[in-house]
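Each residue of the sequence shown is one higher than the one before, starting from 35 at the first, in my numbering.
Note that CB positions come from ideal geometry on N, CA and C, so glycine has one too.
For reference, the structure is listed below as structure tokens.
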Amino acid sequence: MRLRFFGGLEAEADDAPIEIRGRGQEALLFRLALDAGTTVAYRSLAEDVWPDDLPDDPRASLQSLASRLRRAVPAGTLEAVPGGYRLAVAREHVDIALFQDLVARARHAEDPVVAVADARAALALWRGEPWTPGEGFDWVVRDLLEDRAHAERIAGAGAGDPIHGAAPTPRAPAAAVAPAASASEGVTPARATAPTVPASLTPLIGRTRELELIESQLRAERLVTLIGPGGAGKTTLAFETARRTPGSIVVELAPAAPGEVWAAVAGAVGRSIRVGELVSTSARDRVVEALAGRSVLVILDNCEHVSAEAAGVALDLLGSAPGSRILATSREPLGLAGEAFVDLGPLPGADARELFARRVRAARGTAPTGDEAAAVDRIVSRLDGLPLALELAAAKSRTLTIAEIDRGLDDRFALLATGPRALEARHQTLRALIDWSWETLTDAERTALRATAVFPDGVDARDVPAMAAAFEVDGASFESLVDKSLLRRSEGRLRMLETVREYGIDRLRTEGREAEFRAREARAMSELAARQDALLRGPHVREGLAWFDADEENLTAALRTCAEQPGLEDVGIQLVRACFWTWIMRERFTELQSGIRRFGDAAAVLDSEPAVVVRAIAILGLAFRPDPGGAMSAPVATAPTAGGAPDAAIQSARSASEESAAHPGEPTPSGLARLEREAPAVVAAAAVHRSELSAAVPPLLHGLLEEARRHVPGAPWTRSFTIRDEGLEDAPAWTRAFLSMVRSALAQNTGDSETLGAESDRALSMFLELGDVWGTAFASQMRSEWLQLAGRLEEALAVADASTEGLAGLTSTTDLVQQRSQSIGLLLRLGRIDEARERLAGSRELARSYESPRALAQTDMDAAMIEIAVGDGAAALRHLDAIDAEMLPAFPAQLTAWSQSRRAQALLLDGRADEAHDALRRAYPAAARSGDQPIVSDVAVSIAGWLAVTGRDADARRALVAAARLRGGVDTTDPFLRVMRARLDGDALLPHAADGVGSDGADELAVLAALLG
């Protein structure tokens, strides 16, 4: 068959004309003829045949068109080959192809005579203006006009040849020829004017850094792979790089099936580079021959589904065409030596919001409003900043409001089930986007993806072996998902984009396996948590806590699963036990309360160490009513002089019960009866299932029971009980250290300074020897309390500072600010006001950085304490008034008493004695109810100040004696008393010796109540 396009379309075979009907068949024939003998890829054909409106299924449409054309041309002329079609016609039988080849040969001929002859032969083919099927082929005309200008120049150079002379040729329009005549000579370039890279429909948003990195990598390396999850914009950046690199060849591999990669490359090369007659017949050899001697960038786009074959092609191409460089896009590495990477993740927040806003404006005519900003932020976050997902969501704004899109993302795959027709099918829906990756996975990798989906926090890379065992897959499968951009490694964890995670969950639901996988997650987390819990009571506490913090959502999901699925009670018990110490350290009492409520009864089987610990906490919780506002925080969120966290481990269980009682925190009759019934079995089981925590259960239960039996219903519950040494001879060292710390805290609460000194010293020494950072910090706090009572303030400050430093990163922000408050109080006693203010500034910064209302309230109280120490009552009141009124009802009794005591002191300094009396009438009942003797002692000091101001000197001295007895020693450095003594005449507020220091406090409470009136 022969084809002529100069002067009009003519086709013939065996000297008989062939009629080609319709624009579609003409365009297909013309496009194939341009690269006669070479495979033209489906995408290239589709874009040229339908330049303005691609059909929904381009490949099917091409097949239909080719079938009709095949009936018009000789048999065997139109071939369907892997990746596209080929016209089996020699180039010399296609006039425009022959014309181009002759001009190319003339331009590179070393013999001028041969060059002139080829140029004149080419010009002789130009019988008229070149025919094209219509729009979309103007680039062909430009190429032909450029070639004609070269041919005329070469032929003109031989015009004086006496043998050949100059052959007259038709003239093209001067405006069309003149620019091309200045084209540079040299190595044959790719056709820069041919639209081998589709023009961008929309401007690129962001990605400046990534584009610069691509260019930098390509300058340094010959193979660069742009890696990222589906929808991240890899193709967009690759095409943008191609546009910035003249002569680039874009090979679209998405339509290519296995075995078709070389054919796809050959088709792209045939479209992009014009060469002379190629003698090779295989696609590989034609590519190598075409690229010989050229410097060119080859884009291999979408390699993931044919990654092994694409890697082989890339390796062969780089070795056979030394001037070539390759930019590949894939969801996984090609795995070749020397491969460089550019990792493409989600768009940064600002760029993602801008992309979404622009697409919304395009869809509905207006950008998101200020009122819609919060919803936009949520959409961007929930879609992981993936450009394609954002575009699909923004397209919905034509018919939905931004708020409706936000709500619709609860079922994102249903919401984003349709997309613009211009997108490839695999990019038209969110599900199709991930389906493309899913189809490339092995069975093991699919299991790994579904498994990771039920871990909302991702997985610590060190935990992958345990996770793989739980789901019965090889750990390498998870690493494969990282390579395939379905998991991302970040800060030592394997994380999954939320969209991919939802896809995995959706797969599990469709398969009916969600419950199974969530149960496996719960079992895996219980085992992992148990391992990490063992680190919490020793030198590796920070490592263990970091694990619990990072896996908080995983643990919550596991606990929820155990509560919802029958048959997982034992796993739930193990999880509560493993999380218990972290909850205590982090003051996460709500989680502890929830865990005990869910699994406390199930633990009654007492068949394991976790069951013993959980059941012990449960029966303690049933015996006590919580303090207002979530009482488990009550023993911790105390005034700076209170004992703080050590007794939280014992009293925290009270929040597990909601049974009413006469006073918050006291044992309930029914709870006490149940404690009496069940404690013996728990104690016996603790002896069988021995551990650091279970060994502490018997002495704590015995001590609480003894005190509960002595308790008079309706009376304030004392925070004191006796922990005996019986049965502790062979207890773990940590258990003995912990119980000494608890004894010291109880002694501090009851004003027993002798026991406080002995037990705090013992606990501190043992924890230091064990290397337990948390235990050392809290034992140091107790030691500092004793040193303060002993008047050794500098030592107390040093130890308190060490405690604060040790607790950093281990406990809650509120508790850390509270520990700093202890040091501020010691600085005030030492008269170092400026240093106290500096410490306060640090505490405020810490509280604000964590946005902790309780911690900020503590800093306001500290500020008031400083102003009282300098005698500025008005300033102190301003700080106390700044405390959020909504927080006051939630204060535990100790904190209520302490804050009202400070208010009374500030009012006295401001000359408002009557109002101070009112504050004291609020402070005293709260202090008495708390059972915390140092707090009652603090209120007693304030009462003494009020009595002195009102002229009742003898009563003031009696109140100070009560304060000393309650505290366990005479306080000679109290800042408030120091200021008041300077203002008042007489000796009413001088320190007084107190007989019976360390009494049980009952008599002193009665005295204070009487004095207050």
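### Query
How many Å lie between Pro204 and Ala290 at the Cα?
One-based indexing of the sequence shown puts residue 204 at position 170. One-based indexing of the sequence shown puts residue 290 at position 256. Residue placement at Pro204 cannot be trusted, given a pLDDT of 39 that sits under 50; what the coordinates show is reported in the next sentence. Each residue's Cα considered, the two are about 44 angstroms apart.
### Message
Please report the straight-line C-alpha distance between Leu475 and Glu536, rounded to a whole angstrom.
### Response
Mapped onto the sequence shown, residue 475 falls at position 441. Mapped onto the sequence shown, residue 536 falls at position 502. Taking the straight line from one Cα to the other gives about 17 angstroms.
### Task
Give me the Cα-Cα distance between Ile54 and Leu63, rounded to the nearest whole angstrom.
Numbered from 1 along the sequence shown, position 20 holds the residue referred to as residue 54. Numbered from 1 along the sequence shown, position 29 holds the residue referred to as residue 63. Rounded to whole angstroms, Ile54 to Leu63 spans 9 angstroms at the Cα level.
### Task
For Glu763, count neighbouring Cβ atoms within 10 angstroms of its own Cβ and tell me buried if that reaches 16, exposed if not.
In the sequence shown, counting from the first residue as 1, residue 763 sits at position 729. So Glu763 ends up on the exposed side.
### Task
Excluding the 5 residues preceding and the 5 following Arg455 in the sequence, name in chain order all residues of the same chain whose CB lies nearer than 7 angstroms to its CB.
Counting from one through the sequence shown, the residue named residue 455 turns up at place 421. Confidence at Arg455 is low in this model, with a pLDDT of 49, below 50, so the placement of that residue is unreliable and no value is reported for it.
### Straight-line gap, Ala950 to Ala811 (C-alpha atoms, nearest Å)
Looking up residue 950 in the sequence shown gives position 916. Looking up residue 811 in the sequence shown gives position 777. Straight-line Cα distance between these residues: approximately 37 angstroms.
### Task
Output the distance between the C-alpha atoms of Ala114 and His184, rounded to the nearest integer angstrom.
Locating residue 114 in the sequence shown gives position 80, counting from the first residue. Locating residue 184 in the sequence shown gives position 150, counting from the first residue. The alpha-carbon atoms of Ala114 and His184 are separated by roughly 35 angstroms.
### Message
Looking at the secondary structure, which residues open and close the alpha helix (DSSP H) in which Arg1001 lies?
### Response
Numbered from its first residue, the sequence shown carries residue 1001 at position 967. Element bounds for Arg1001: 987–1001.
### Task
Could you check how far apart the C-beta atoms of Ser971 and Ala957 are, in whole angstroms? I think they sit under 8 angstroms.
Counted from its first residue, the sequence shown places residue 971 at position 937. Counted from its first residue, the sequence shown places residue 957 at position 923. Ser971 to Ala957, Cβ: 12 angstroms. No contact.
### Message
Give me, in chain order, the residues of the same chain whose beta-carbon lies closer than 8 angstroms to that of Gly1054; leave out the 5 immediate sequence neighbours on both sides.
### Response
What is shown of the chain runs 35 to 1047, which leaves residue 1054 out entirely.
### Message
Within the continuous beta strand (DSSP E) that includes Ala47, where are the two ends?
### Response
Translated into positions along the sequence shown, residue 47 becomes position 13. 44–47 is the span of the beta strand (DSSP E), which, as asked, contains Ala47.
### Task
For Gly1024, count neighbouring C-beta atoms within 10 Å of its own C-beta (all shown protein chains included) and say buried if the count is 16 or more, exposed if not.
Residue 1024 sits at position 990 when you count from the first residue of the sequence shown. According to the sequence as given, residue 1024 is Leu; it is not Gly. It counts as exposed.
### Task
Ignore the nearest five residues each way along the sequence and tell me which others in Trp165's own chain have a CB closer than 6 angstroms to its CB.
Residue mapping note: residue 165 aligns to position 131 of the sequence shown, counting from 1. The answer, listed in chain order, is Phe39, Gly42, Leu43.
### Query
Pairing CB atoms from the region 802–817 with CB atoms from the region 567–587, are three or more of them under 8 angstroms?
yes
### Message
Considering just the uninterrupted stretch of the beta strand (DSSP E) at Ile439, what are its terminal residues?
### Response
By 1-based counting over the sequence shown, the position of residue 439 is 405. Premise fails: Ile439 lies in the alpha helix (DSSP H), 436–442, not in any beta strand (DSSP E).
### Same chain, Cβ closer than 6 angstroms to Ala153, neighbours up to 5 away in sequence not counted
The residue given as residue 153 occupies position 119 in the sequence shown. Ala140, Ala185, Ile188, Ala189, listed in sequence order.
### Query
Arg120: which of Arg744, Asp69, Leu247 sits nearest, CA to CA?
Stepping through the sequence shown from its first residue, residue 120 is reached at position 86. Among Arg744, Asp69, Leu247, the Cα nearest to that of Arg120 is on Asp69.
### Query
How big is the Cα-Cα spacing for Glu901 and Gln856?
Taking the sequence shown and counting its residues from 1, the one referred to as residue 901 is at position 867. Taking the sequence shown and counting its residues from 1, the one referred to as residue 856 is at position 822. For Glu901 and Gln856, the distance between alpha carbons rounds to 16 angstroms.
### Message
Using beta carbons (cut-off 8 angstroms, strictly below), is Arg535 in contact with chain B?
### Response
This model lacks chain B altogether, as it is built from one protein chain only.
### Query
Can you list, in chain order, the residues of its chain whose CB lies under 7 angstroms from that of Ser794, leaving out five sequence neighbours each side?
Translated into the one-based positions of the sequence shown, residue 794 becomes position 760. Closer than 7 angstroms at the Cβ level, and outside the excluded window around Ser794, lie Ser778, Ala813, Met816, Arg817, Trp820.
### Message
Check whether the region 870–886 and the region 615–624 touch, using three or more Cβ-Cβ pairs below 8 angstroms as the test.
### Response
no
### Task
Taking 8 angstroms as the cut-off, decide whether the C-beta atoms of Val394 and Pro382 are in contact.
Residue 394 sits at position 360 when you count from the first residue of the sequence shown. Residue 382 sits at position 348 when you count from the first residue of the sequence shown. Taking 8 angstroms as the Cβ cut-off, Val394 and Pro382 do not qualify as a contacting pair.
### Message
Can you tell me whether Thr259 is helix, strand or coil according to DSSP?
### Response
Working through the sequence shown from its first residue, we reach residue 259 at position 225. If DSSP states are grouped into helix, strand and coil, Thr259 belongs with the strands.
### Query
For the beta strand (DSSP E) that contains Phe273, what are its first and last residues?
Here the question's residue 273 lines up with position 239 in the sequence shown. Phe273 -> not in any beta strand (DSSP E); alpha helix (DSSP H) instead, spanning 268–277.
### Proximity winner among Met501, Ile858, Ala502, Ala427, relative to Ala898 (alpha-carbon distances)
What you label residue 898 is simply residue 864 of the sequence shown in a count that begins at 1. Checked all of Met501, Ile858, Ala502, Ala427; the closest Cα to Ala898 is Ile858.
#### Entry: Element boundaries [beta strand (DSSP E), containing Arg805]
Taking the sequence shown and counting its residues from 1, the one referred to as residue 805 is at position 771. The sequence as given places Gly at residue 805; Arg does not occur at that position. From DSSP, Gly805 is part of no beta strand (DSSP E); its letter is neither H nor E.
### Message
Buried or exposed for Thr236, going by 16 or more other Cβ atoms inside 10 Å?
### Response
For the purposes of this step, residue 236 is taken as residue 202 along the sequence shown, with counting starting at 1. When all chains shown are included, Thr236 counts as exposed.
### Message
Here's the rule I'm using: 16 or more other beta-carbon atoms within 10 Å means buried, otherwise exposed. How should Ala124 be labelled?
### Response
Taking the first residue of the sequence shown as position 1, residue 124 is located at position 90. Classification of Ala124: exposed, given that the 10 Å Cβ count is below 16.
### Message
Between which residues of its own chain and Met775 is the CB-CB distance below 8 angstroms, once the five residues before and five after are set aside?
### Response
Mapped onto the sequence shown, residue 775 falls at position 741. Pro680, Glu793, Ser794, Ala797, Phe801, Gly809, Phe812, Ala813, Met816.
### Query
Alpha carbon to alpha carbon, how far is Leu103 from His127?
Your numbering for residue 103 matches position 69 in the sequence shown. Your numbering for residue 127 matches position 93 in the sequence shown. Computed Cα separation, rounded: 18 angstroms.
### Query
For Val488, is the classification buried or exposed, using 16 other Cβ atoms within 10 angstroms of its Cβ as the cut-off for buried?
Here residue 488 is taken as the residue at index 454 of the sequence shown, counted from 1. Buried, by the Cβ-count rule.
### Message
Excluding the 5 residues flanking Arg77 on each side, which residues of the same chain have their C-beta closer than 7 angstroms to its C-beta?
### Response
Here residue 77 refers to the residue found at position 43 when the sequence shown is read from its first residue. Excluding positions up to five away in sequence, the list reads Glu286, Pro289.
### Task
Identify the continuous beta strand (DSSP E) that holds Glu366 and give its terminal residues.
Within the sequence shown, the letter at position 332 stands for residue 366. Run containing Glu366: none; DSSP gives neither H nor E here.
### Message
Helix, strand or coil for Phe755? Go by DSSP, reduced to three states.
### Response
Reading the sequence shown from its first residue, position 721 is the one you call residue 755. Note: Phe755 maps to coil in three-state DSSP.
### Task
Just mark Ala996 as buried or exposed, buried being the case when its beta carbon has 16 or more other beta carbons within 10 Å.
Locating residue 996 in the sequence shown gives position 962, where the first residue counts as 1. Buried.
### Query
Just curious, the alpha helix (DSSP H) that Phe623 is in, first and last residue?
Along the sequence shown, one-based indexing puts residue 623 at 589. It spans 623–633 - the alpha helix (DSSP H) in which Phe623 sits, taken as one unbroken run.
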